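Undergrad: Okay, so the sequence shown: first residue is 0 according to numbering that gives the first Met the number 0, each after it adds one.
Cβ coordinates follow ideal geometry from the N, Cα and C atoms, glycine included.
Computed from a prediction, not measured in an experiment: that's the story for all the values here.
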Amino acid sequence: MRRLFILIPIISVFLLNAQNLRRESYIDIPTAHYNEGLYVNLNGNFPLKSGSEVGMDLNMGIEASFNQYNATLMWYNGSDFSLNLSYQILKQRDNYPAVTAGMDNLTYRKYISPVGHDVSGIYVDERYNPRPPEVASVYIVATRTFSESFEFTMGLGRGRFIGYGPRSHLLNLDVFFDDPHENIMFGIFGGVKFSVPEGPSFIIETDGRDANLGVQYEAGKFIGTIGLLKLEQMGAQEGSFLTPRINLDFSVKTDLFEVVKKGEVKLFLLDEETGKPLSGILFLKNGKKDVFDIPSTGKLDITLEPKIYHFLLSSPNYRMKKAIIPIRSGEIRKVVVKLRKK
């Protein structure tokens with residue numbers, strides 16, 4: 000089943016056209032996440048109700064992440080190039096989110112759509128009016144992981160993060176002015192990610208222009224995403240060329256630039272009713288079994304290789320509890336587990 004999920008996006012993206020090529024993106028918005036390595040990213044999308052044709056062009060990106068820096072070279076529609084750069088300002092610690100600043104679409108085009116600059120005029124469904132120039136779309140974004148099942152991202156950006164549709168105009172600061180200022184205005188983007196342990200993740204987001212829905216699946220070095228983009232265009236006026244799109248993403252990590260850092264887990268074991276710390280035992284099962292003693296303070300700090308772990312926690316006179324915790328390279332993660340008395 001995993002191989003089938005991986006093969007379908009690989010075949011499909013050769014037939015479609017590019018959208019967003021960054022490994023740690025949701026569907027079309029950047030996150031503050033960061034994983035070191037060298038990645039090859041493939042992507043494509045096609046319109047649902049537009050009369051425009053879809054060319055058979057390979058669209059791809061080469062992405063490199065090192066320390067807190069990320070650079071992605073994107074190749075649109077076999078003709079246009081664009082460079083994305085980002086820097087992680089803060090890593091997630093305790094109750095504070097990870098924060099990243101970046102700039103998308105460093106290119107020689109003023110307007111650069113998911114299918115390039117479109118000199119042929121085929122892709123009329125990308126002609127927003129008014130349309131802020133996508134070149135040099137600077138942004139700052141924060142991502143907070145609350146549990147292994149829920150994550151929230153919100154950011155502020157210009158350029159491609161600005162929309163003037165029936166509802167998207169409410170997300171940019173021009174809502175406070177009478178006339179649009181698309182060259183200098185900033186807009187809000189964000190999304191939530193719900194993950195099934197050892198299964199897919201479900202994403203709801205807005206990129207500042209439209210709302211998007213998607214499903215993402217990760218298997219080892221591979222990540223695949225399928226999404227429905229530009230939902231605001233579901234209600235486009237009759238005769239409008241604007242249309243929703245189906246989007247596919249695929250990313251694979253190469254072994255050419257393999258830098259793996261251990262992650263750190265800060266575990267807190269508490270009584271469910273009183274919130275007081277508990278002593279206990281952590282059983283860690285992931286290929287082999289490790290046992291850790293949790294002191295009376297209820298706090299335990301351990302470093303682990305990046306992968307998905309199965310935690311089993313126990314304390315005398317309390318019910319045991321299981322947890323599935325994914326650990327990223329270099330991540331510092333706070334995990335609070337509350338046990339109920341027998």
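Counting only runs that start and end within the region 300-341, where is the beta strand (DSSP E) found for 3 or more residues in a row?
TA: Complete beta strand (DSSP E) runs here, min 3: 307-313, 320-325 and 331-338.
Undergrad: If you draw a straight line from the alpha carbon of P47 to that of N40, how long is it in whole angstroms?
TA: Note on residue identity: the sequence assigns Leu, not Pro, to residue 47. Approximately 23 Å between the Cα atoms of the pair.
Undergrad: Going by C-alpha to C-alpha distance, which of K333, F249, S295 and E272 sits closest to I301?
TA: K333
Undergrad: Assuming V191 contacts F151 (C-beta within less than 8 Å), just tell me the rounded distance between them.
TA: 5 Å
Undergrad: Check whether the Cβ atoms of N246 and L268 sit closer than 9 Å, and answer yes or no.
TA: Going by C-beta atoms, N246 is not nearer than 9 Å to L268.
Undergrad: Roughly how far, in whole angstroms, is the beta-carbon of A63 from the beta-carbon of L37, given that I think they are within contact range, below 8 Å?
TA: 5 Å
Undergrad: State the Cα-Cα distance for the pair S112 and L82, rounded to the nearest angstrom.
TA: 14 Å
Undergrad: Where does F240 sit, in a helix, a strand or coil, going by DSSP?
TA: coil
Undergrad: How would you call F197, buried or exposed, if buried means at least 16 neighbouring beta carbons within 10 angstroms?
TA: According to the sequence as given, residue 197 is Glu; it is not Phe. Exposed is the call here.
Undergrad: Closest to T253 by CA distance: which of R143, E231 and N34 is it?
TA: N34
Undergrad: What's the C-alpha gap between E125 and M233?
TA: 14 Å
Undergrad: Excluding the five sequence neighbours on either side, which residues of its own chain have a C-beta within less than 6 Å of the C-beta of V335, listed in chain order?
TA: F267
Undergrad: Using 10 angstroms around the beta-carbon of R339, count the other beta-carbons present and answer buried if the total reaches 16, otherwise exposed.
TA: So R339 ends up on the exposed side.
Undergrad: With respect to the beta strand (DSSP E) encompassing N104, which residues constitute its N-terminal and C-terminal limits?
TA: Going by DSSP, N104 is part of the beta strand (DSSP E) stretching over A97 to L105.
Undergrad: Compare the Cα-Cα distances from Y86 to each of M319, G101, E263 and G162 and report the closest residue.
TA: Between Y86 and the set M319, G101, E263 and G162, the nearest pair of CA atoms involves G101.
Undergrad: Could you spell out the range, first to last residue, of the beta strand (DSSP E) harbouring K267?
TA: At residue 267 the sequence reads Phe, which differs from the Lys that was named. Its beta strand (DSSP E) spans residues G262 to D270.
Undergrad: If you draw a straight line from the alpha carbon of L281 to that of F80, how long is it in whole angstroms?
TA: Our two residues, L281 and F80, have alpha carbons roughly 50 Å apart in a direct line.
Undergrad: Do G162 and V137 come within 9 Å of each other at the CB atom, strictly closer than that value?
TA: no
Undergrad: Looking only at its chain, what residues have a beta carbon closer than 7 Å to the beta carbon of A135, apart from the 5 residues adjacent to it on each side?
TA: M102, N104, L105 and G158
Undergrad: With a CB to CB cut of under 8 Å and the five nearest residues on each side skipped, what residues in its chain are close to N185?
TA: The amino acid at residue 185 is misidentified as Asn; the sequence shows Phe. The beta carbon of F185 lies closer than 8 Å to those of L155, G156, R157, F160, I161, N171 and L172 in the same chain, with the five residues before and after it left out.
Undergrad: Looking only at its chain, what residues have a beta carbon closer than 7 Å to the beta carbon of S24, apart from the 5 residues adjacent to it on each side?
TA: T30
Undergrad: Looking only at its own chain, which residues have a Cβ that is under 7 Å from the Cβ of N316, when we skip the five neighbours before and after it?
TA: K340 and K341
Undergrad: When you compare each of P96, G226, S295 and N128 to S200 by their alpha carbons, which one comes out closest?
TA: Minimum Cα distance to S200 is reached at G226.
Undergrad: Excluding five sequence neighbours on each side, which residues of the same chain lie with their C-beta closer than 6 Å to the C-beta of L15?
TA: Confidence is the limiting factor: at L15 the pLDDT is only 38, short of 50, which leaves the residue's position unreliable, though a coordinate-based value still follows. Within the same chain, L15 has close Cβ partners G43, N44 and F45.
Undergrad: In the DSSP assignment, find the unbroken beta strand (DSSP E) run with H116 in it and report its ends.
TA: Annotation for H116: the continuous beta strand (DSSP E) segment containing it runs P113 to H116.
Undergrad: Quick one: grab the DSSP three-state call for R92.
TA: strand
Undergrad: Taking just the CA atoms, how far does F176 sit from G164?
TA: 16 Å
Undergrad: For E327 and K90, I'd like the C-alpha separation in whole angstroms.
TA: Rather than Glu, the amino acid found at residue 327 in this sequence is Arg. Going by the C-alpha atoms only, they are around 12 Å apart.
Undergrad: Taking all protein chains shown into account, decide if Y95 is buried (16 or more other Cβ within 10 angstroms of its Cβ) or exposed.
TA: exposed
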